[in-house]
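Right, one structure below, let's go through it.
Right, dumping it as structure tokens:
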């Protein structure tokens with residue numbers, strides 16, 4: 001299992017790049033779900049979870065805080081095709097809000113996945129930095145100088 005995971009790509013996206021990645025993938029998933037499964041919320045939600053995990057895994061260490069923020073935005077972007085609104089902009093907006101409220105469990109689950117992965121990565125990074133700093137600041141023995149001669 002570990003060997004299979006090591007063969008996966010390991011890109012490092014910026015915070016903006018991770019948000020765009022998640023939004024684009026969720027929009028494509030939303031359209032495919034609408035075409036193939038008639039807008040099944042279960043299919044959409046199940047595919048949202050791995051996208052959330054990949055977003056948190058592929059974001060740069062400096063931008064880890066953006067993963068749990070960009071994932072819910074990506075969910076909202078992707079749910080537009082399957083929300084099923086009619087009647088103009090107002091009907092579409094109401095359908096989107098209703099879909100977000102009804103599928104909040106998937107939204108919270110994906111956000112939790114991204115938050116947990118980002119937190120674990122941050123804790124590991126902090127430990128790695130602490131160990132590197134400790135190795136760099138090895139205690140140096142003081143140099144003994146001979147006492148000055150009096151005389």
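Residue numbers (my numbering): 1 to 151.
Virtual Cβ for every residue (Gly too), placed ideally from N, Cα, C.
Only a predicted model underlies this, so the values are computations on that prediction, with no experimental measurement involved.
Check: Indicate the three-state DSSP secondary structure (helix, strand or coil) for residue 59 in the structure shown.; Outcome: strand
Check: Who are the Cβ neighbours of residue 64 in its own chain at under 7 Å, not counting the five residues just before and after it?; Outcome: 118, 121 and 122
Check: If you check the beta carbons only, do residue 72 and residue 34 fall under 9 Å apart?; Outcome: no
Check: Strictly by DSSP, which residues pair up with residue 35?; Outcome: Paired residues: none, contrary to the question.
Check: Helix, strand or coil for residue 13, going by three-state DSSP, please let me know.; Outcome: strand
Check: Can you grab the Cα-Cα spacing for the pair residue 42 / residue 125, in whole Å?; Outcome: 35 Å
Check: Between residue 40 and the rest of its own chain, which residues show a CB-CB distance below 7 Å, the 5 nearest in sequence each way excluded?; Outcome: 33
Check: Under a Cβ-count criterion, where at least 16 other Cβ atoms within 10 Å of its own Cβ denotes burial, should residue 48 be classed as buried or exposed?; Outcome: buried
Check: Looking at residue 74: is its Cβ nearer than 9 Å to the Cβ of residue 98?; Outcome: no
Check: How many angstroms separate the CA atom of residue 93 from the CA atom of residue 60?; Outcome: 34 Å
Check: Pick out whichever of 103, 104 and 84 has its Cα sitting closest to the Cα of residue 95.; Outcome: 84
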